[in-house]
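All residue numbers for the sequence shown refer to full-length UniProt numbering, where the first residue is 1 and numbers rise by one.
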Amino acid sequence: MYNSSHTIAGNLLLTVVVSLFLGFIIGYPGWTLALALCLWGAYQVKQFNRLQRWLMREDHTDVPESNGYWGELFDEISRDQKRQIQRAQSLRNVIHRFQQSSAALSDAIVIIDAQNHLEWWNRAAEKLLGMKTQTDRGRSVMNLLRDPRFVRYYRKSQYDDPLQLTSPVQKDTVLEYRITRFGAGDRILVARDITRLKQLEQTRQDFVANASHELRTPLTVIRGYLETFLDQELPRPMLRGLSQMESQSRRMENLVSDLLLLSRLETSAHVSDELPIPIHSMIARIREDGLVLGQEKNQIIEMDLEQDSALLGQESEVYSAISNLVFNAVRYTPADGHIKLRWWTDKEGGHFAVKDNGPGIDSIHLPRLQERFYRVDESRSSDSGGTGLGLAIVKHVMLRHGGKLTISSQLGKGSTFTCHFPHELVIPAAEKVRARQ
1 MYNSSHTIAG NLLLTVVVSL FLGFIIGYPG WTLALALCLW GAYQVKQFNR LQRWLMREDH
61 TDVPESNGYW GELFDEISRD QKRQIQRAQS LRNVIHRFQQ SSAALSDAIV IIDAQNHLEW
121 WNRAAEKLLG MKTQTDRGRS VMNLLRDPRF VRYYRKSQYD DPLQLTSPVQ KDTVLEYRIT
181 RFGAGDRILV ARDITRLKQL EQTRQDFVAN ASHELRTPLT VIRGYLETFL DQELPRPMLR
241 GLSQMESQSR RMENLVSDLL LLSRLETSAH VSDELPIPIH SMIARIREDG LVLGQEKNQI
301 IEMDLEQDSA LLGQESEVYS AISNLVFNAV RYTPADGHIK LRWWTDKEGG HFAVKDNGPG
361 IDSIHLPRLQ ERFYRVDESR SSDSGGTGLG LAIVKHVMLR HGGKLTISSQ LGKGSTFTCH
421 FPHELVIPAA EKVRARQ
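Right, dumping it as structure tokens:
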């Protein structure tokens, strides 16, 4: 801020005092004061005009020469302008360095303002997303990236999980989108090329699928011969051994079937088409199968189903997810236990929950329950006949339908497994009836 030891008020006061003193000496104090004030004012106007002309010039290096407070003012403004120029140059250097470093990145980086308009992007965004500096600046991001899945992901404003989609300009390139909020509603979009990772994942999936498919035929033959031998009159030790072999072959067949199903679910991130699902009759049918599975345990399986809503999706996949949850509850809930199946909807979507009063699960196991072959208790899982892939199947079914699986459990108080379907897949029951006619 300008702070001068010479002030206009002090200079004016000195001018008035001197002019009055001279005026009294010559006998015309009023005229002398008026003349002195006119000269003082003319000098101020002249200096102000010099300042104005100097500020209006583009080149401020030639500072006007002056004395007193006007000279100090000129010098202070000049020094302040030099500081501003230095700061501006420093900011330009920082921006230039940022642009250089971001341009060198292989990931596409896009800055989006609060109105969803494209503000800036790096060179990789032009290659991976097809953005053009001449035409796309200021356009809405949803006008450029028009995939409905990206639009839904962008609008829901929940960016904890990334989104994987094919590049809009390179059909053989798979991109992983991540969005981060900053400032007053602005966003940074980062698109990463994960084609190589997807290819490696596809190779793994193909290996599992091929190996499982090749195992299915010999297992079917082995089990067929074992069943034939068990129908014969054989010594008891041999029958006991053949029974165990038949039981293990059945378990291996179930494992192969689950591996094939899981491989099929992993082939794409989304369902190909969404059809109405008879969710109420499906749950009732699975309940009956659960009662048969646990008939020796005398369990109670209760249903609480909201009748005013239905669901869109792949019926066979949703059946696999729900049946896995129900059958797991039947296997791990002790005799005379209670299992509750519930279907309801709210503003967030549709929900199916399986609640049991079984032994519960320690919280340290909950983050890993949906991993393939992860077992809380190896011996108990083996005895129950599970393959260790049930929850992994449920997880992938929910991901393909845009939902998620949540698990809550406490030791000694049972467990609750809940499938959350997005609201766009929930339809009124009347609409489901019309769609099936």
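All C-beta atoms, glycine included, are put in the ideal place defined by N, C-alpha and C.
Runs of 4 residues minimum, wholly inside the stretch 19-90: which ones carry the alpha helix (DSSP H) assignment?
Every unbroken stretch of the alpha helix (DSSP H) spanning 4 or more residues and falling wholly within the stretch 19-90 is given here in chain order: 29-56.
Does DSSP classify E424 as helix, strand or coil?
What you label residue 424 is simply residue 424 of the sequence shown in a count that begins at 1. Correct three-state label for E424: helix.
In or out: L275 buried (at least 16 other Cβ within 10 Å) or exposed?
The residue given as residue 275 occupies position 275 in the sequence shown. L275 comes out exposed.
Identify the continuous alpha helix (DSSP H) that holds A211 and give its terminal residues.
Within the sequence shown, the letter at position 211 stands for residue 211. Run containing A211: T195 to L230, per the alpha helix (DSSP H) assignment.
N116 to I279, Cα distance in whole Å?
To locate residue 116, count along the sequence shown from 1; it is residue 116. To locate residue 279, count along the sequence shown from 1; it is residue 279. Those two C-alpha atoms are separated by around 38 Å.
For Q47, count the other beta carbons within 10 Å of its own beta carbon; 16 or more makes it buried, fewer makes it exposed. Which is it?
The residue labelled residue 47 in the question sits at position 47 within the sequence shown. Buried is the call here.
Using the rule of at least 16 other Cβ atoms within 10 Å of the residue's Cβ for burial, across every protein chain shown, is V17 buried or exposed?
The residue labelled residue 17 in the question sits at position 17 within the sequence shown. V17 is exposed by the Cβ-count criterion.
Mind the definition here: the stretch 283-300 touches the stretch 315-333 only if three or more C-beta pairs lie below 8 Å; say whether that holds.
yes
With DSSP as the reference, identify every bridge partner of H338, one or two as the case may be.
Numbered from its first residue, the sequence shown carries residue 338 at position 338. Answer by DSSP bridge pairing, in chain order: I300.
If you draw a straight line from the C-alpha of V397 to the C-alpha of D258, how long is it?
Numbered from its first residue, the sequence shown carries residue 397 at position 397. Numbered from its first residue, the sequence shown carries residue 258 at position 258. The alpha-carbon of V397 is positioned some 13 Å away from that of D258.
Residue closest to W344, alpha-carbon to alpha-carbon, out of A104, H423 and I361
As a first step, residue 344 is located in the sequence shown; it is residue number 344 there, counting from the start. Ranking A104, H423 and I361 by Cα distance to W344 puts H423 first.
Along the chain, where does the alpha helix (DSSP H) that runs through T133 open and close?
On the sequence shown, residue 133 is found 133 positions in, with the first residue counted as 1. Its alpha helix (DSSP H) spans residues T133 to D136.
So, at 8 Å on beta carbons, what are the nonlocal neighbours of L37 in its own chain, with the 5 sequence-adjacent residues on each side left out?
For the purposes of this step, residue 37 is taken as residue 37 along the sequence shown, with counting starting at 1. Cβ neighbours of L37 beyond the five flanking positions: T15, V16 and S19.
Check whether the Cβ atoms of F417 and L293 lie closer than 7 Å to each other.
Along the sequence shown, read from residue 1 onward, the residue named residue 417 stands at position 417. Along the sequence shown, read from residue 1 onward, the residue named residue 293 stands at position 293. No; because the gap between Cβ atoms is not below 7 Å, this pair is not in contact.
From the DSSP output, which residues share a beta bridge with Y177?
Counting from 1 along the sequence shown, the entry for residue 177 is found at position 177. L163 and A191, per the DSSP bridge assignment.
So L242 packs on L226, CB below 8 Å; how close in whole Å?
Sequence index remark: in the sequence shown, residue 242 carries index 242 (1-based). Sequence index remark: in the sequence shown, residue 226 carries index 226 (1-based). The pair is a contact, with the Cβ atoms about 6 Å apart (cut-off 8 Å).
Could you work out which residue in R97, A125 and I407 is closest to V110 when comparing CA atoms only?
On the sequence shown, position 110 is the one that residue 110 refers to. The option with the nearest alpha carbon to V110 is A125.
Quick check: the Cα distance between I301 and E315, rounded to an integer number of angstroms?
Locating residue 301 in the sequence shown gives position 301, where the first residue counts as 1. Locating residue 315 in the sequence shown gives position 315, where the first residue counts as 1. Going by the C-alpha atoms only, they are around 22 Å apart.
Within this structure, are the beta carbons of S415 and G360 separated by less than 7 Å?
Looking up residue 415 in the sequence shown gives position 415. Looking up residue 360 in the sequence shown gives position 360. Cβ distance < 7 Å, so S415 and G360 count as in contact.
Could you say if the stretch 151-164 and the stretch 81-88 meet the contact criterion of at least three C-beta pairs nearer than 8 Å?
These segments do not touch.
Can you confirm whether T15, when its beta carbon is compared against all beta carbons of chain D, has any partner nearer than 7 Å?
Included in the structure is just one protein chain, with no chain D present.
Where the alpha helix (DSSP H) containing E317 begins and where it ends:
Locating residue 317 in the sequence shown gives position 317, where the first residue counts as 1. Its alpha helix (DSSP H) spans residues E315 to Y332.
Going by C-alpha to C-alpha distance, which of K347, L215, P334 and L405 sits closest to R368?
As a first step, residue 368 must be located in the sequence shown, where it is residue number 368. For R368, the nearest C-alpha among the options comes from L405.
Per DSSP, cross-strand counterpart(s) of H117
Along the sequence shown, one-based indexing puts residue 117 at 117. Note: H117 sits in a beta bridge opposite S140.
Looking only at C-alpha atoms, which of G358, D346 and K347 sits nearest to K340?
Residue mapping note: residue 340 aligns to position 340 of the sequence shown, counting from 1. Nearest of G358, D346 and K347 to K340, Cα basis: G358.
My guess is that F352 and I322 are in contact by the Cβ rule of under 8 Å, so how many angstroms apart are they, rounded?
Along the sequence shown, read from residue 1 onward, the residue named residue 352 stands at position 352. Along the sequence shown, read from residue 1 onward, the residue named residue 322 stands at position 322. That pair is a contact at about 6 Å.
V45 burial status per 10 Å Cβ neighbour count (16 or more: buried)
What you label residue 45 is simply residue 45 of the sequence shown in a count that begins at 1. With fewer than 16 other Cβ atoms within 10 Å, it is exposed.
For D136 versus D186, is the C-beta spacing smaller than 7 Å?
Numbered from 1 along the sequence shown, position 136 holds the residue referred to as residue 136. Numbered from 1 along the sequence shown, position 186 holds the residue referred to as residue 186. Cβ atoms of D136 and D186: not closer than 7 Å.
Determine the contact status of G313 and H420, defining contact as a CB-CB distance below 7 Å.
In the sequence shown, residue 313 corresponds to position 313, counting from 1. In the sequence shown, residue 420 corresponds to position 420, counting from 1. No, Cβ-Cβ distance for G313 and H420 is not below 7 Å.
For M252, which residues in the same chain have their Cβ closer than 6 Å to its Cβ, ignoring the five residues on either side in sequence?
Taking the first residue of the sequence shown as 1, we reach residue 252 at position 252. Here the set comprises L219.
Here's the rule: buried if 16 or more other CB atoms are within 10 angstroms of the residue's CB, otherwise exposed. What is K413?
Your numbering for residue 413 matches position 413 in the sequence shown. Exposed: under 16 other Cβ atoms inside 10 Å.
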